[in-house]
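The block underneath contains the structure these notes are about, expressed in structure tokens.
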Amino acid sequence: MNKKITDFGVGASSIIMIFVVLCLTTFSLLSFSSARSSLRLANKSKEYYTAFGDAEFKANQTLSKIDDKLAKAQTNFDYGSEVSGLSSIDGVKVKFNGNNYNVSYSVPVLKDTYLNIELSVPANPSTYRYNLVKWNTSPTEKEFDDGDNICDGTF
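Okay, structure coming up:
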């Protein structure tokens, strides 16, 4: 009985080796590209969170100045003018709406992102100095909205 032995030979093994090398090269390039994009994302995140931390620190410093002035205003006879005088703090806007004072300010985070803070201060000395209404980020510096509400939540 003659058995026929098939031999792949040198040519087939060379082709398989070239294919394996090409696969390994492709996977290594994909891995390198993924690692590089992850590094870029990590650097952007680090930049944003560092800038946000700095902005939050500045916002808290401004809030501390407001709180100090409100503490002094509660013992003063001319409470309204003291509260209106909060606008002397850099970047702080004060608006009286009849029931209370709306105090707002914005701190830049990055090129086109702002940390917006809004407080509600009672019109008369009270047990609390202010109520924190908003503390959020937005792509623009927010001003007081004098317009009508588009939707008041009722149907």
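Residue numbering for the sequence shown is 502 to 656, as defined by the working numbering. The beta-carbon is built from N, C-alpha and C at its ideal position, and this holds for glycine as well. What you are looking at is a predicted structure, and each value in this text was computed from that prediction instead of being measured.
> Does the stretch 552-560 come close enough to the stretch 605-618 that 3 or more CB-CB pairs lie under 8 Å?
Replying inline: Yes: the two stretches touch, three or more of their Cβ pairs being nearer than 8 Å.
>> Counting C-beta neighbours from all protein chains within 10 Å, is the total for Ser605 16 or more, i.e. buried, or is it exposed?
In response: In this structure Ser605 is buried. Its beta-carbon is surrounded by 16 or more other beta-carbon atoms within 10 angstroms.
>> So, for Leu571: in the same chain, excluding its five sequence neighbours on each side, which residues have a beta-carbon less than 6 Å away from its beta-carbon?
In response: Here the set comprises Arg630.
>> Spatial neighbours of Pro626 within its chain, please: C-beta separation below 6 Å, excluding the five flanking residues on both sides.
In response: Hits under 6 Å: Gln575, Tyr580.
> Is it right to say Ile567 is buried, meaning 16 or more other beta carbons lie within 10 angstroms of its own, or is it exposed?
Replying inline: With 16 or more other Cβ atoms within 10 Å, it is buried.
> Run through DSSP, which three-state label would Ser639 get?
Replying inline: Strand.
> If you scan the stretch 564-637 from start to end, which runs of the beta strand (DSSP E) of 3 or more residues do you find wholly inside it?
Replying inline: Entirely contained in the stretch 564-637, the beta strand (DSSP E) runs reaching 3 residues are, in chain order, 594-597, 601-611, 614-623.
> How long is the line joining the alpha carbons of Ser514 and Phe520, rounded to whole angstroms?
Replying inline: Taking the Cα positions, Ser514 is about 10 Å away from Phe520.
> Which residues in the same chain have their Cβ closer than 6 Å to the Cβ of Tyr602, if we skip the five residues on either side of it in sequence?
Replying inline: These residues qualify, in order along the chain: Val584, Val595, Val622.
> Can you give the Cα-Cα distance for Ile517 and Tyr550, rounded to whole angstroms?
Replying inline: Each residue's alpha carbon lies about 49 Å from the other.
>> In whole angstroms, give me the CA-to-CA distance for Asp591 and Leu531.
In response: Take the alpha-carbon of Asp591 and the one of Leu531: they are about 51 Å apart.
>> So, with DSSP's three-state summary, where would you put Asn650?
In response: Summary for Asn650: the model assigns pLDDT 48, below 50, so the residue's position carries little reliability, and this model does not support an answer.
> Which whole-angstrom value is the C-beta distance of Ala543 and Val610, which I expect to be below 8 Å?
Replying inline: In this structure, Ala543 and Val610 do not form a Cβ contact; the two beta carbons are roughly 18 Å apart against a cut-off of 8 Å.
>> Residues in the same chain with beta-carbon distance under 6 Å from Ser534, minus the five sequence neighbours each way, listed in chain order, please.
In response: Cβ within range, chain order: n/a, list empty.
> Between Arg537 and Pro640, what straight-line distance do the alpha-carbon atoms span, to the nearest angstrom?
Replying inline: If I take the Cα positions, the gap works out to 28 Å.
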